[in-house]
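K.L.:
Chains as they are written, first to last, in our numbering: chain A, 1 to 227; chain R, 228 to 454.
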DNA sequence: ACAAAAGTGTTATTATTACACCCATGA
DNA sequence: TCATGGGTGTAATAATAACACTTTTGT
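#1: Taking 8 Å as the threshold, find out whether the stretch 346 to 357 of chain R comes into contact with the stretch 251 to 258 of chain R through three or more Cβ pairs.
#2: Please report the distance separating the alpha-carbon of residue 39 (chain A) from that of residue 55 (chain A).
#3: Consider the Cβ of residue 67 (chain A): report whether some Cβ of chain R lies at a distance smaller than 8 Å.
#4: Alpha carbon to alpha carbon, how far is residue 292 (chain R) from residue 407 (chain R)? Give it in angstroms, no decimals.
#5: Taking just the CA atoms, how far does residue 392 (chain R) sit from residue 399 (chain R)?
#6: With a threshold of 8 Å between beta-carbons, can residue 50 (chain A) be considered close to chain R, or not?
#7: Using beta carbons (cut-off 8 Å, strictly below), is residue 41 (chain A) in contact with chain R?
#8: Short of 6 Å in beta carbon distance, which residues of its chain neighbour residue 9 (chain A), apart from the five on each side in sequence? Order them along the chain.
#9: Give me the chain A residues within the contact set of residue 235 (chain R), using Cβ-Cβ distance strictly less than 7 Å, ordered along the chain.
#10: Looking at the structure shown, is residue 429 (chain R) part of a helix, part of a strand, or coil, going by DSSP?
#11: Tell me whether residue 156 (chain A) sits in a helix, a strand or coil according to DSSP, three-state version.
#12: When the Cα of residue 222 (chain A) is compared with those of A:59, A:199, A:194, which residue comes out closest?
#13: Do you know whose CA, among A:154, A:11, A:157, A:190, lies nearest residue 76 (chain A)'s CA?
#14: Name the two residues that bound the continuous alpha helix (DSSP H) containing residue 59 (chain A).
#15: Between the beta-carbon of residue 157 (chain A) and the beta-carbon of residue 141 (chain A), is there less than 8 Å?
#16: Report the three-state DSSP secondary structure of residue 36 (chain A) (helix, strand or coil).
#17: Can you list, in chain order, the residues of its chain with a C-beta nearer than 8 Å to that of residue 228 (chain R)? Leave out the 5 residues immediately preceding and following it.
#18: Give the interface partners of residue 232 (chain R) over in chain A, defined as CB-CB distance under 7 Å, in chain order.
#19: Could you spell out the range, first to last residue, of the beta strand (DSSP E) harbouring residue 7 (chain A)?
#20: Do residue 205 (chain A) and residue 309 (chain R) have their beta-carbon atoms positioned less than 8 Å apart in this structure?
#21: Does residue 395 (chain R) pass the burial test, meaning 16 or more other C-beta atoms within 10 Å, or should it be called exposed?
#22: 8 Å is my cut-off, CB to CB: does residue 53 (chain A) come that close to chain R?
#23: Can you name, in chain order, every residue of its own chain whose Cβ lies under 7 Å from the Cβ of residue 214 (chain A), other than the five neighbours on each side?
#24: At the 8 Å Cβ level, is residue 143 (chain A) part of the contact set with chain R, yes or no?
#25: Starting from residue 391 (chain R), trace the alpha helix (DSSP H) in both directions and tell me its first and last residue.
#26: Would you identify the three-state DSSP class for residue 148 (chain A), choosing helix, strand or coil?
#27: Assuming contact is defined by CB atoms lying nearer than 8 Å, are residue 243 (chain R) and residue 327 (chain R) in contact in what I supplied?
#28: Any idea if residue 45 (chain A) is buried or exposed, counting beta-carbon neighbours within 10 angstroms, 16 or more meaning buried?
#29: Straight-line CA distance for residue 452 (chain R) to residue 7 (chain A)?
#30: Can you tell me which of the three DSSP states residue 368 (chain R) falls into?
#31: If you run the structure through DSSP and keep just helix, strand and coil, what is residue 358 (chain R)?
#32: Report the rounded CA-to-CA distance for residue 188 (chain A) versus residue 216 (chain A), giving the unit in angstroms.
#33: Between residue 123 (chain A) and residue 96 (chain A), how many whole angstroms is the CB-CB distance? I'm expecting something under 8 Å.
#34: What does the alpha-carbon distance come out to for the pair residue 61 (chain A) and residue 69 (chain A)?
#35: Any residues in the stretch 80 to 96 of chain A with a beta carbon nearer than 8 Å to a beta carbon of chain R? Which ones, in chain order?
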């Protein structure tokens, strides 16, 4: 077939979210080149010729954070393709969200002058992200927030073994609410398949030792948790 | 910037769903050219050089169905970009779902030898769709099914004014369940913002005249309807 | 002993389910 | 008058929300 179609550059961008210092934070890269030189942007890069979209997301995540995809929840968020979204050329980006437990302090990637975590409320209130990345971040945060309601995804923000109150802390930080510790405990421990007890306990939060749990086999919460 | 990125063809594909003859049906186009010549495929086409993604979806919808985007719910489903998904070239497709009230019998579009509605269960059980369109269709149907739970989207499958039982029929067909007419009636009429009464009544379903409603201003159902 | 966090019990309220029953029309 | 669907009432069950109270650790 002759080339009678417009050529477009396809990129993959990542909304990498974690809970750090009691805030929901996103990973940003400071751009080393024009356009938007010196501004913060979401990590991402070009799709390679023989690479599927999820593979590109895993690769970018590894390049930017040094993290392998184990213990990170990666899912496609959506695609953004306004004709003027990149002044250099026509691009369509496929955005992914990555939810992870507190990651190591980021090391600057190849293209990046610097990399750091930012609380998402600071990024969304005023701070100017490059390209349409504020929109992508906003959509990614909203996706994460609503998925906590009806999936056991909050555990992606926790280490492999965690306590009920660590899990509750994730909900409180991501949603910006407070939850009744007692009702929350009942809800998550009684919802079948949400949590699998390890049998171990920990006192790392102080007070009475707490049961440690791993994520269960459930993929949907029924009924959902309400914000 | 020099072209040091791989060039990819970006297409937009549509999962156009409607409720027809008591079945959930999807619009398909018979391919007139190789590859997959003669097989059924989802409608779609190349993204144009100066076109945003939603605009391309609206344009393709109009070209394939003659329908303008009024009274059709269009939303992005996701992107699919396996390197071998099209044998001719590297493509990434951005899929949209379009939910519409019973549309006119389709007229064949420019590229298409033929176009028709197929019940989705027939398309997903055995019938061979071109490319990765079976996956896209399956994802689109699942998206539509779950969105009926927590949004007032079922009304997109109804004409501008509709009765409660017409709305219930949509749920029953899309979910493949039966619902108690009395409890359903209470639920949808009592959920604030779901339905706006027009004041008119109709007897088009026989029996006692039913109130006609338009869609309300709610965008979320709280609490959700359960399958 | 006391602070701190884990976890259980209890009650009021709200939502869902199942189903009896009445209403308003056309044939 | 009868069939057909529209619509309300009600009681049993289930889930949520609010909060008193007990448990088990560290200091």
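Heads up, the beta-carbon is just placed ideally off N, CA and C, and yes, glycines get one too. Note that the structure is a prediction, hence the values are computed from the model and not measured.
P.N.:
Working from what's here:
#1: Taking a contact to require three or more Cβ pairs closer than 8 Å, the stretch 346 to 357 of chain R and the stretch 251 to 258 of chain R qualify as touching.
#2: Those two C-alpha atoms are separated by around 27 Å.
#3: Contacts with chain R at 8 Å (Cβ-Cβ) do not include residue 67 (chain A).
#4: Straight-line measurement puts the Cα of residue 292 (chain R) at about 34 Å from the Cα of residue 407 (chain R).
#5: About 10 Å.
#6: Residue-level contact by beta carbon holds for residue 50 (chain A) and chain R, with a gap shorter than 8 Å.
#7: With 8 Å as the cut-off, residue 41 (chain A) does not count as an interface residue toward chain R.
#8: Around residue 9 (chain A): 89, 91.
#9: Going along chain A in sequence order, the residues near residue 235 (chain R) (Cβ under 7 Å) are 8, 10, 47.
#10: Reduced to three states, the DSSP call for residue 429 (chain R) is strand.
#11: Collapsing the DSSP output to three states places residue 156 (chain A) in a helix.
#12: Here the closest residue by C-alpha is A:194.
#13: Checking every option, the nearest Cα to that of residue 76 (chain A) belongs to A:11.
#14: Secondary structure note for residue 59 (chain A): its alpha helix (DSSP H) is the uninterrupted segment 53 to 65.
#15: Cβ distance not < 8 Å, so residue 157 (chain A) and residue 141 (chain A) don't count as in contact.
#16: Secondary structure at residue 36 (chain A): coil, using DSSP grouped into helix, strand and coil.
#17: In this prediction, residue 228 (chain R) has a pLDDT of 43, which is less than 50 and means its spatial position is unreliable; nothing more can be read from the coordinates.
#18: Residues of chain A passing the Cβ test: 9, 46.
#19: Segment 7 to 20, the beta strand (DSSP E) holding residue 7 (chain A).
#20: Contact flag unset, no.
#21: Buried, because 16 or more other Cβ atoms sit within 10 Å of the Cβ of residue 395 (chain R).
#22: Chain R contact via Cβ: present.
#23: Within the same chain, 160, 161, 196, 198 come within 7 Å of residue 214 (chain A) by CB-CB distance, once the 5 residues on both sides are set aside.
#24: By this cut-off, residue 143 (chain A) is not an interface position.
#25: 391 to 402 is the extent of the alpha helix (DSSP H) around residue 391 (chain R).
#26: Here residue 148 (chain A) sits in helix by DSSP.
#27: Yes, the Cβ-Cβ distance between residue 243 (chain R) and residue 327 (chain R) is below 8 Å.
#28: The residue in question, residue 45 (chain A), is buried, as its Cβ has 16 or more Cβ neighbours within 10 Å.
#29: For residue 452 (chain R) and residue 7 (chain A), the gap between their C-alpha atoms comes out near 44 Å.
#30: Three-state DSSP puts residue 368 (chain R) in a helix.
#31: The DSSP-derived three-state label of residue 358 (chain R) is coil.
#32: For the pair residue 188 (chain A) and residue 216 (chain A), the Cα-to-Cα distance works out to about 11 Å.
#33: Between residue 123 (chain A) and residue 96 (chain A), the beta carbon gap of about 17 Å keeps them out of contact (Cβ cut-off 8 Å).
#34: Linking residue 61 (chain A) to residue 69 (chain A) through their CA atoms gives a straight-line distance of about 8 Å.
#35: Residues of the stretch 80 to 96 of chain A whose Cβ lies closer than 8 Å to any Cβ of chain R, in chain order: 80, 81, 82, 83, 88, 89, 90, 92, 94.
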